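Chains as they are written, first to last, in the numbering used here: chain Y, 45 to 280; chain E, 45 to 280.
Quick reminder that beta carbons are idealized off the backbone N, C-alpha and C, glycines included.
Note that the coordinates shown come from a computational prediction; the quantities given were computed from them, not determined experimentally.
Rendered as structure tokens:
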């Protein structure tokens, strides 16, 4: 299964036994991979549905897949990861790819006080998330949200705990496996005192990632790793 | 201090109060950075000595630094990270850079049963380690070792515990903050059963990094993060 072509389908289409691939996926299947009737493939809708099937037909009019096996994968990740717009977009891309791989429920970008004007487009980032989900062979695609400010991000946190990675955190205030939290990583210049006050005013906690300041994309992965339990308590 | 130019000097020269920069560093200081007498800079020997000083003189004959402040930084990292030669050398480079940033005592490369012929040269990797140390502003440069096989790596482990990241590990055999260990990451195709037996025969332990198979470079950073304590017990 690991080597089978993998396609993303819209959640609304995942219940059928014969599924037509979305246009971009169909083009890739037909023109690039040159799949033919009978070839095995895997489909996912990004909402936990994992389907195995075979190509029913593939031509310039479209590609149809016949489903032979259906699995519902429960959600595995609880945490939301928020990263400020970084000066170097490729580092943000890297963080997104690795966060999907390690496991994250949603990804949030925000303009921090010290962020530069964002140079990454939402549609491009969404495509990167989808590509990362495919490469990591996941059934759940993290949601992607953009926020105009740290304040807006914090206001949208719902009932998630707020954890902010910052050097000012006490050396012994360290992250560990944690109930669902919104993990916040600042821009290269760090969070401003104003932003830290916004976080602590709503009960947010600053956590230390060690004695050395890490690059934003490294901090994102270290924090996500540290708060992610290695096994689910719910007895799977 | 974070923005000062940083140079690497040979450990043998770190005790003096006037230090001549090695040729490559001197060229960079003089021709690229155009440093002049009086400019502040930082020197490190990669063995814990951190020196602050000012340029004494900089010309085509060399660059001398006058030391004004000397700090001895205790070693901070205990773990050795071993990664098999990967098919894609840029992923190895990435792993090395991030491992230095997160903190590692030594880095080991080895030819696994399923490694392809290595396409990275030792001198190039050593230069990458040094660049990562500079960028992360560390006083300790991890040692770099190359091993002809996993067997040779294991034989050279000294008194380090052996932890091997592998999907076959029991789901509840997870890494946590650990005394000094040799962390082993296999190639893209994974360790062979033969190699796993080599490890377990000497008391090595397989650990799980979660329910999903991670890319080698991601596994390296996740394992290193999980076994690295966030604060030192020795009361610093």
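query	result
Contact list for residue 236(E) against chain Y, beta-carbon separation under 7 Å	Correct list: empty, because the minimum Cβ distance to chain Y is about 17 Å.
Local conformation of residue 166(E) per DSSP, three classes	helix
3 or more residues per run - each beta strand (DSSP E) lying fully within the segment 179 to 207 of chain E	187 to 191
Span separating the alpha-carbon of residue 221(Y) from that of residue 271(E)	14 Å
Partners in chain Y for residue 159(E), counting only beta-carbon separations shorter than 7 Å	By Cβ distance, chain Y contributes nothing, its closest Cβ being about 19 Å from residue 159(E), past 7 Å.
Bridge partners - residue 154(Y), DSSP secondary structure assignment	128(Y) and 191(Y)
Between the CA atoms of residue 87(E) and residue 96(E) - distance to the nearest angstrom	6 Å
Distance between beta carbons of residue 188(E) and residue 170(E), contact taken as under 8 Å	5 Å
Residue span of the alpha helix (DSSP H) that contains residue 47(Y), given as start and end	Per DSSP, residue 47(Y) belongs to no alpha helix (DSSP H) and is neither H nor E.
Residues of its chain near residue 218(E), where Cβ-Cβ distance is below 7 Å and the 5 sequence neighbours each way are ignored	251 and 252
Helix, strand or coil at residue 103(E) according to DSSP, with G and I counted as helix	strand
8 Å Cβ cutoff, residue 45(E) in contact with chain Y	Caution is warranted here: a pLDDT of 47 is assigned to residue 45(E), below 50, making its placement in the model unreliable, and the coordinate value is therefore given only provisionally. It does not; no Cβ of chain Y falls within 8 Å.
8 Å contact criterion, which residue 92(Y) and residue 70(Y) should meet: CB distance rounded	Going by Cβ atoms, the distance from residue 92(Y) to residue 70(Y) rounds to 23 Å, so no, they are not a contact pair.
Beta-carbon spacing of residue 117(Y), residue 94(Y) below 8 Å	yes
Contact set between residue 265(E) and chain Y, taken where Cβ atoms lie within less than 7 Å	265
Contact under 8 Å by Cβ, residue 141(Y) with residue 174(Y)	no
Helix, strand or coil at residue 226(Y) [DSSP, three-state]	strand
Helix, strand or coil at residue 239(E) [DSSP, three-state]	helix
Where residue 113(E) sits in the DSSP three-state scheme	strand
Bridge partners - residue 73(E), DSSP secondary structure assignment	Residue 73(E) pairs with nothing; no bridge assigned.
Anticipated Cβ contact below 8 Å, residue 158(E) with residue 236(E), distance rounded	6 Å
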